[in-house]
Amino acid sequence: MEINVNLDSAYIPSDDVVAREIEGELIIVPLAAGIGDMEDELFTLNETGSAIWDLLKTQKKLRNVIEQLSEDFEAPADEIEKDVIGFVEELLKRGMLVEVAQD
Amino acid sequence: MSDPSVISRRMSEIGIWKKISSKRVPLSFSLEITARCNNNCRHCYINLPAGDTKAKGNEISVDVIGRIADEAVELGSLWVLISGGEPLLRKDFSEIYISLKKKGLVPTVFTNACLITKEHIEIFNKYPPKNLEVTVYGASEETYEKVTRQPGSYKAFVRGLDLLLENDIKVRLKAMALKSNLHEMDEIARFCRERTKDFFRFDPILHMRYDFDPVRNEEIRSERLSPQQIVELERADPDRAQEMEELCDKFILPDPIKNDKNYLFGCASGIHSFVVGYDGVYRLCSSLWHPDCLYDLKTGTLAEAWNDFTPKILRMTSDKEEYHKSCGTCPIINLCLWCPAHTHLETGQMDERVDYFCKVAHERAKALRKAVANK
Numbered sequence: 054m055e056i057n058v059n060l061d062s063a064y065i066p067s068d069d070v071v072a073r074e075i076e077g078e079l080i081i082v083p084l085a086a087g088i089g090d091m092e093d094e095l096f097t098l099n100e101t102g103s104a105i106w107d108l109l110k111t112q113k114k115l116r117n118v119i120e121q122l123s124e125d126f127e128a129p130a131d132e133i134e135k136d137v138i139g140f141v142e143e144l145l146k147r148g149m150l151v152e153v154a155q156d
Numbered sequence: 003m004s005d006p007s008v009i010s011r012r013m014s015e016i017g018i019w020k021k022i023s024s025k026r027v028p029l030s031f032s033l034e035i036t037a038r039c040n041n042n043c044r045h046c047y048i049n050l051p052a053g054d055t056k057a058k059g060n061e062i063s064v065d066v067i068g069r070i071a072d073e074a075v076e077l078g079s080l081w082v083l084i085s086g087g088e089p090l091l092r093k094d095f096s097e098i099y100i101s102l103k104k105k106g107l108v109p110t111v112f113t114n115a116c117l118i119t120k121e122h123i124e125i126f127n128k129y130p131p132k133n134l135e136v137t138v139y140g141a142s143e144e145t146y147e148k149v150t151r152q153p154g155s156y157k158a159f160v161r162g163l164d165l166l167l168e169n170d171i172k173v174r175l176k177a178m179a180l181k182s183n184l185h186e187m188d189e190i191a192r193f194c195r196e197r198t199k200d201f202f203r204f205d206p207i208l209h210m211r212y213d214f215d216p217v218r219n220e221e222i223r224s225e226r227l228s229p230q231q232i233v234e235l236e237r238a239d240p241d242r243a244q245e246m247e248e249l250c251d252k253f254i255l256p257d258p259i260k261n262d263k264n265y266l267f268g269c270a271s272g273i274h275s276f277v278v279g280y281d282g283v284y285r286l287c288s289s290l291w292h293p294d295c296l297y298d299l300k301t302g303t304l305a306e307a308w309n310d311f312t313p314k315i316l317r318m319t320s321d322k323e324e325y326h327k328s329c330g331t332c333p334i335i336n337l338c339l340w341c342p343a344h345t346h347l348e349t350g351q352m353d354e355r356v357d358y359f360c361k362v363a364h365e366r367a368k369a370l371r372k373a374v375a376n377k
């Protein structure tokens, strides 16, 4: 399945997962079938992934998420854009995010 | 900014295990949502009749379960075991199960599978459990129903189990070994392994009832295997025998255990887990029913139970000299069923020696030493 990430869309956590922070670790717990490939599977996000996840929850356009991350991490937006798009693609493939089209 | 990543992990591999190793965090808890059961197993420590209206009336509601689960999530719980009695007896089982899933808890369900319906299958397919564990009491109708004392239960069990397996629900099978089914343990093991390739376990030690019912306790005693029978069963299971040999140094310690503070409790209960009974009573583990160790969650909060009440239990000590000379420092305690909870169910005290447990532990130690020496 081809996934096209649109900078003018918002990508929010799917209803099929529940994100839990336990002892400082962000754990994504699959709620519905089909999220993981293995039995007994959970997902963890690294620190950067967690920062992106927190911003995605605010339902901002991806373009604005990247701008915010660029400010927070004091890094050029074009560098961050590549990483964020790759990350969002990965989460979309796994069914952990859904696209919300913006007006 | 470093590369963002999502990492897929098996549950046993997530990093929080390391982070909590020196902390008290209730990563898992059990919810015994009913004490009632459709079966009447000879060895059961909890079951009450399915139609027991008093027990049913005392069962905590979906709302109370939801409130307790919310608090558990707040305290850091990730895994929940839904057990009973037979949890599927509750008409609101599906509602309870889905609500726990939606809170980000990972549920395992213990069931006898007799009451599985298509609705359960749909729910387990849509919202998969971590595990669904089914106990196999016999591989034949005669033996199964000798244990369950419920005519028709074997057919119901086979029907329910087939329904689960046909629909690819992940099932783990296990057995209790007792005198009534001992002659069939090989067949039970085969039955289980043919259906679930990766998992089979059996428990050969029965413990007493939580309600101290003298008639039922006598039935349980009469079903207990002898120490020699237990060891023979364990040695005959290659996986179990190998595991025990590999962990021999942990099972048989070179010296008596040092317990300078005289604490009674030394397990993970109250450190990383707790139990909530069908009536909303909080306990450290499923076997701990001492009145000084119960906390009513219908009138108090889980945070109080975990943060204030539990540490007091964990600091309980014994001043009985005999205890400190025997079970309190015993180097083969890890081969024994002894713990304050089990000994309380046997004797009414939390620091008594239990002759049967002691004999089983020594028989196990003898067999283990012999097996390791012969390697």
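So the sequence lines, in the order shown, correspond to chains A and B.
Counting from 54, one number per residue, gives the positions in the first sequence under the working numbering.
Counting from 3, one number per residue, gives the positions in the second sequence under the working numbering.
All C-beta atoms, glycine included, are put in the ideal place defined by N, C-alpha and C.
Since the model is a prediction, treat every value here as computed from it, not as a measurement.
Check your understanding: Under 8 Å Cβ-Cβ, which residues of chain A neighbour V173(B)?
Key -> As a working note, residue 173(B) is residue 171 in the second sequence. Ordered by position in chain A, no residue passes the 8 Å Cβ test against V173(B), which lies about 12 Å from the chain.
Exercise for review: Give a yes or no on whether the C-beta atoms belonging to Y284(B) and A305(B) are separated by under 8 Å.
Suggested key: The residue labelled residue 284(B) in the question sits at position 282 within the second sequence. The residue labelled residue 305(B) in the question sits at position 303 within the second sequence. 8 Å or more divides the Cβ of Y284(B) from the Cβ of A305(B).
Practice item. Would you mind telling me which residues of chain E sit closer than 8 Å to R116(A), beta carbon to beta carbon, in chain order? Key: In the structure shown, chain E does not exist; the protein chains are A and B.
Practice item. Note down, in chain order, each residue of its chain lying with its Cβ closer than 7 Å to the Cβ of N336(B), except the 5 sequence neighbours on either side. Key: For the purposes of this step, residue 336(B) is taken as residue 334 along the second sequence, with counting starting at 1. Cβ contact annotation for N336(B) (same chain, cutoff 7 Å, sequence separation greater than five): K252 and F253, in chain order.
Practice item. Establish whether the CB of I22(B) and some CB of chain A are separated by less than 8 Å. Key: As a working note, residue 22(B) is residue 20 in the second sequence. It does: the Cβ of I22(B) has a partner Cβ on chain A nearer than 8 Å.
Check your understanding: So which residues of chain B does A63(A) contact, with C-beta pairs closer than 9 Å?
Key -> Within the first sequence, the letter at position 10 stands for residue 63(A). Contact note: A63(A) does not reach chain B at a C-beta cutoff of 9 Å; the least C-beta distance is about 17 Å.
**Study point:** Candidates G77(A), I81(A), I133(A) and E76(A), of which the one nearest G106(B) by Cα
**Key:** Position 104 of the second sequence holds residue 106(B). Scanning G77(A), I81(A), I133(A) and E76(A) for the CA closest to the CA of G106(B) turns up I81(A).
Review point. Could you give the C-beta distance for L29(B) and I207(B), rounded to a whole number, given that I count them as a contact under 8 Å?
Key: Translated into the one-based positions of the second sequence, residue 29(B) becomes position 27. Translated into the one-based positions of the second sequence, residue 207(B) becomes position 205. Contact between L29(B) and I207(B) does not hold, since the beta-carbon distance rounds to 26 Å and is not under 8 Å.
Check your understanding: What residues in its chain sit with their C-beta under 7 Å from that of F311(B), if we drop five residues either side in the sequence?
Key -> As a working mapping, residue 311(B) is identified with position 309 in the second sequence. Here F311(B) has Y297 as same chain residues with Cβ atoms under 7 Å from its own Cβ, once five neighbours each way along the sequence are excluded.
Point to revise | Pairwise C-alpha distance: N114(B) and V278(B) | key: Position 276 of the second sequence, counted from the start, is the residue given in the question as residue 278(B). Position 112 of the second sequence, counted from the start, is the residue given in the question as residue 114(B). Taking the straight line from one Cα to the other gives about 20 Å.
Check your understanding: By Cβ distance, which residues of its chain are closer than 8 Å to D69(A), with the 5 residues on each side in sequence left out?
Key -> Within the first sequence, the letter at position 16 stands for residue 69(A). So the qualifying residues of the chain are P83, L84, A85, G87, I88, G148 and M149.
Point to revise | Beta carbon proximity, T101(A) to chain B, threshold 8 Å | key: Stepping through the first sequence from its first residue, residue 101(A) is reached at position 48. Yes, T101(A) counts as interfacial toward chain B.
Check your understanding: For S67(A), which residues from the same chain have a beta carbon less than 7 Å from its beta carbon, with the 5 sequence-adjacent residues on both sides left out?
Key -> Walking along the first sequence from the start, residue 67(A) turns up at place 14. Correct list, in chain order: G148, M149, L150 and V151.
Exercise for review: Kindly list the residues whose CB is nearer than 7 Å to the CB of G68(B), restricted to its own chain and excluding five residues on each side of it in sequence; keep chain order.
Suggested key: Numbered from its first residue, the second sequence carries residue 68(B) at position 66. Correct list, in chain order: S101.
Practice item. For chain B, find out if any of its Cβ atoms is closer than 8 Å to the Cβ of I105(A); answer yes or no. Key: For the purposes of this step, residue 105(A) is taken as the residue at position 52 of the first sequence. Judged by the 8 Å Cβ criterion, I105(A) is in contact with chain B.
Review point. Taking only beta-carbon atoms, is D124(A) less than 8 Å away from chain B?
Key: Residue numbering aside, residue 124(A) sits at position 71 when the first sequence is read from its first letter. Residue 124(A) is actually Glu in this sequence, not Asp. Not flagged as an interface residue toward chain B: E124(A), since no C-beta distance is shorter than 8 Å.
Exercise for review: Run down chain A in chain order and give the residues with a C-beta less than 8 Å from the C-beta of P51(B).
Suggested key: Here the question's residue 51(B) lines up with position 49 in the second sequence. For the C-beta of P51(B), not a single chain A residue is nearer than 8 Å; the gap to the nearest is close to 35 Å.
Review point. Looking only at its own chain, which residues have a Cβ that is under 7 Å from the Cβ of S155(B), when we skip the five neighbours before and after it?
Key: The sequence position of residue 155(B) within the second sequence is 153, counting from 1. Contacts found: N41, C116, Y146 and E147.
Practice item. Could you spell out where the alpha helix (DSSP H) holding Y325(B) opens and where it closes? Key: The count along the second sequence starts at 1 and reaches residue 325(B) at position 323. According to the DSSP assignment, Y325(B) belongs to the alpha helix (DSSP H) that extends over E323 to K327.
Practice item. Label H185(B) either buried or exposed according to how many other C-beta atoms from any shown protein chain fall within 10 Å of its C-beta, with 16 as the threshold for buried. Key: As a position in the second sequence, residue 185(B) is number 183, starting the count at 1. With fewer than 16 Cβ atoms within 10 Å of its Cβ, H185(B) is classed as exposed.
Check your understanding: Can a CB atom of chain A be found closer than 8 Å to the CB of G106(B)?
Key -> Against the second sequence, residue 106(B) aligns to sequence position 104. Answer yes: the Cβ-Cβ gap between G106(B) and chain A drops below 8 Å somewhere.
**Study point:** Alpha carbon of F95(B) to alpha carbon of E127(A), nearest angstrom
**Key:** Numbered from 1 along the second sequence, position 93 holds the residue referred to as residue 95(B). Numbered from 1 along the first sequence, position 74 holds the residue referred to as residue 127(A). The alpha-carbon atoms of F95(B) and E127(A) are separated by roughly 51 Å.
Point to revise | Selection of the region 61-85 of chain B by Cβ proximity to chain A, strictly under 8 Å | key: For the region 61-85 of chain B, the beta-carbon criterion of a distance under 8 Å to any beta-carbon of chain A is satisfied by V75, G78 and L80.
Exercise for review: Quick one: residues in its chain with C-beta nearer than 6 Å to the C-beta of H274(B), no 5 flanking neighbours on either side, listed in chain order?
Suggested key: Counted from its first residue, the second sequence places residue 274(B) at position 272. Within the same chain, H274(B) has close Cβ partners L29.
Review point. Taking the C-alpha atoms as reference points, what is the distance between D145(A) and P258(B)?
Key: Numbered from 1 along the first sequence, position 92 holds the residue referred to as residue 145(A). Numbered from 1 along the second sequence, position 256 holds the residue referred to as residue 258(B). According to the sequence displayed, residue 145(A) carries Leu and not Asp. Looking at the two C-alpha atoms, the distance is approximately 56 Å.
Exercise for review: Under 7 Å between beta-carbons, which chain B residues line up against T97(A)? List them in chain order, please.
Suggested key: In the first sequence, counting from the first residue as 1, residue 97(A) sits at position 44. Correct list: I9, R11, I16 and G17.
Practice item. Name, going along the chain, the residues of the region 121-143 of chain B whose beta-carbon falls closer than 8 Å to a beta-carbon of chain A. Key: Taking 8 Å as the cut-off between beta carbons, the residues of the region 121-143 of chain B near chain A are N127, K128, Y129, P130 and K132, in sequence order.
Point to revise | Three-state class that DSSP yields for C341(B) in the structure shown | key: As a working note, residue 341(B) is residue 339 in the second sequence. Here C341(B) sits in coil by DSSP.
Practice item. Check the Cβ of V82(A) against every Cβ in chain B and list those closer than 7 Å, keeping chain order. Key: Counted from its first residue, the first sequence places residue 82(A) at position 29. Under a criterion of Cβ atoms nearer than 7 Å, the residues of chain B adjacent to V82(A) are, in order, G106 and V108.
Check your understanding: How should L249(B) be labelled, buried or exposed, when 16 other C-beta atoms within 10 angstroms of its C-beta is the threshold for buried?
Key -> The sequence position of residue 249(B) within the second sequence is 247, counting from 1. Classification of L249(B): exposed, given that the 10 Å Cβ count is below 16.
Point to revise | Proximity of N60(B) and Y212(B) at Cβ, strictly below 8 Å | key: If you number the second sequence from 1, residue 60(B) lands on position 58. If you number the second sequence from 1, residue 212(B) lands on position 210. Contact flag unset, no.
Practice item. Determine the direct distance from the alpha carbon of F276(B) to that of Q112(A), and round the result to whole angstroms. Key: Looking up residue 112(A) in the first sequence gives position 59. Looking up residue 276(B) in the second sequence gives position 274. F276(B) has its alpha-carbon roughly 37 Å from the corresponding atom of Q112(A).
Practice item. Output yes if chain B places a C-beta closer than 8 Å to the C-beta of L145(A); else output no. Key: For this step, residue 145(A) is matched to residue 92 along the first sequence. Output row for L145(A): interface = no.
Check your understanding: So which residues on chain B does V71(A) lean against when the C-beta distance must stay under 9 Å?
Key -> Mapped onto the first sequence, residue 71(A) falls at position 18. K103, K104, K105, G106 and L107, listed in chain order.
**Study point:** Cross-chain neighbours of A85(A) in chain B, by beta carbon under 7 Å
**Key:** Translated into the one-based positions of the first sequence, residue 85(A) becomes position 32. K128 and Y129, listed in chain order.
Check your understanding: According to a CB-to-CB cut-off of less than 7 Å, which residues of the region 25-38 of chain B neighbour chain A?
Key -> Within the region 25-38 of chain B, V27 place their CB atoms closer than 7 Å to a CB of chain A, listed in sequence order.
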